[in-house]
Amino acid sequence: MHPLSILLLGIAMSTDAFAAAVGKGAAMRDPRLTEALRAGLIFGAIEGLTPLVGWALGNAAAPYVTAWDHWIAFTLLGLLGLRMIHAGLRAPDASATPAARPGFWTLATTGLATSIDALAVGVGLAFVDVDIVVVAAVVACTTLVMVSCGILLGRVLGALAGRRAEIVGGALLVAIGVAILFQHLGAA
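Reading the sequence shown from the start, the letters are residues -19 to -1, 1 to 169 in mature numbering (1 follows the signal peptide of the UniProt record, and there is no 0).
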């Protein structure tokens, strides 16, 4: 596989994570570079591991992964998005302060939801002459950069949108899930 193709694959695999990160950054209270890098590392690690797992599954799991990947991503992103919308619509509790950053498990779940397609790509790469470790490393690095930038971009958008940012971020996650579902159902 040509190095440019690997880079483009890495960028393509990280676009969902970027969009989710913009939503997360918009919902966060003043995210800093360290928090953006933390989110980027979590998303990048997950996004880099999923093609390795998919590649390892290879032929045996291909029909199962490709048959359900869009439903898994749709469900996880939809539930996370609806949770964010619900939190944004609730009346603010004067005694509660919003979390400065999302917890590890929230980021990991979102990262997993946006990387289901990378798992399926990994399965497909099992049938191609490619160094899967290089591909996974490129996917992880591009995701780290794009998610970190997405969090910081979301910070700017969040400052402009105020409390509505969490609702917008949740709607964005739901929209990503719906888009993944329609893309796969339309291709079927």
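The C-beta atom is built at its ideal place from N, Cα and C for all residues, glycine as well.
Alpha carbon of residue i to alpha carbon of residue j, nearest angstrom
i: Thr78; j: Leu70; result: Since pLDDT at Thr78 reaches only 48, below the 50 mark, its modelled position is unreliable, and the value read off the structure follows with that caveat. Between Thr78 and Leu70, the C-alpha separation is close to 16 Å.
i: Lys5; j: Gly135; result: 7 Å
i: Gly131; j: His51; result: 23 Å
i: Leu93; j: Val159; result: 16 Å
i: Leu(-16); j: Gly151; result: 33 Å
i: Phe(-2); j: Met9; result: 15 Å
i: Gly56; j: Leu162; result: For the record, residue 56 in the displayed sequence is Thr; it is not Gly. For Thr56 and Leu162, the distance between alpha carbons rounds to 9 Å.
i: Leu133; j: Gly62; result: 19 Å
i: Thr(-5); j: His67; result: 25 Å
i: Ile(-7); j: Gly84; result: A small fix is needed here, since residue -7 is Met in this sequence, not Ile. Each residue's Cα considered, the two are about 23 Å apart.
i: Gly59; j: Ile53; result: 10 Å
i: Ala101; j: Pro12; result: 32 Å
i: His(-18); j: Val128; result: 25 Å
i: Asp110; j: Ala48; result: 24 Å
i: Thr91; j: Leu33; result: 19 Å
i: Ile97; j: Leu(-12); result: 18 Å
i: Val3; j: Val149; result: 10 Å
i: Ala118; j: Ala7; result: 28 Å
i: Met65; j: Arg19; result: 20 Å
Exposure of residue i, with buried meaning 16 or more beta-carbon neighbours within 10 Å
i: Leu166; result: exposed
i: Thr15; result: exposed
i: residue 174; result: Residue 174 lies beyond the range of the chain shown here (-19 to 169); nothing can be said about it.
i: Ser76; result: Reliability of the predicted coordinates at Ser76 is poor, the pLDDT of 43 falling under 50, and the value obtained from them is presented with this limitation in mind. Burial call: exposed.
i: Ala37; result: exposed
i: Val120; result: buried
i: Val115; result: exposed
Start and end residues, alpha helix (DSSP H) containing residue i
i: Asp11; result: Run containing Asp11: none; DSSP gives neither H nor E here.
i: Val104; result: Ile97 to Leu106
Proximity to residue i [Cα-Cα], best of the options
i: Thr31; options: Gln164, Ile148, Ala89 and Leu138; result: Ala89
i: Val137; options: Gly62, Ala17, Ala(-8) and Val119; result: Ala17
i: Ala156; options: Leu(-13), Ala1 and Gly105; result: Ala1
i: Ile(-14); options: Val149, Ser129, Ala99 and Gln164; result: Ala99
i: Leu153; options: Thr95, Arg13, Val114 and Val34; result: Thr95
i: Gly(-10); options: Ile113, Trp49 and Val149; result: Ile113
i: Leu107; options: Gly35, Ala117, Ala118 and Met65; result: Reading off the sequence shown, one finds Ala at residue 107, where the question assumed Leu. Of the listed residues, the one whose Cα sits closest to Ala107 is Gly35.
i: Thr87; options: Ile23, Gln164, Ala7 and Ala118; result: Ile23
Worksheet item: Is the region 118 to 131 touching the region 11 to 27 in the sense that three or more CB pairs, one from each, lie closer than 8 Å?
Response: yes
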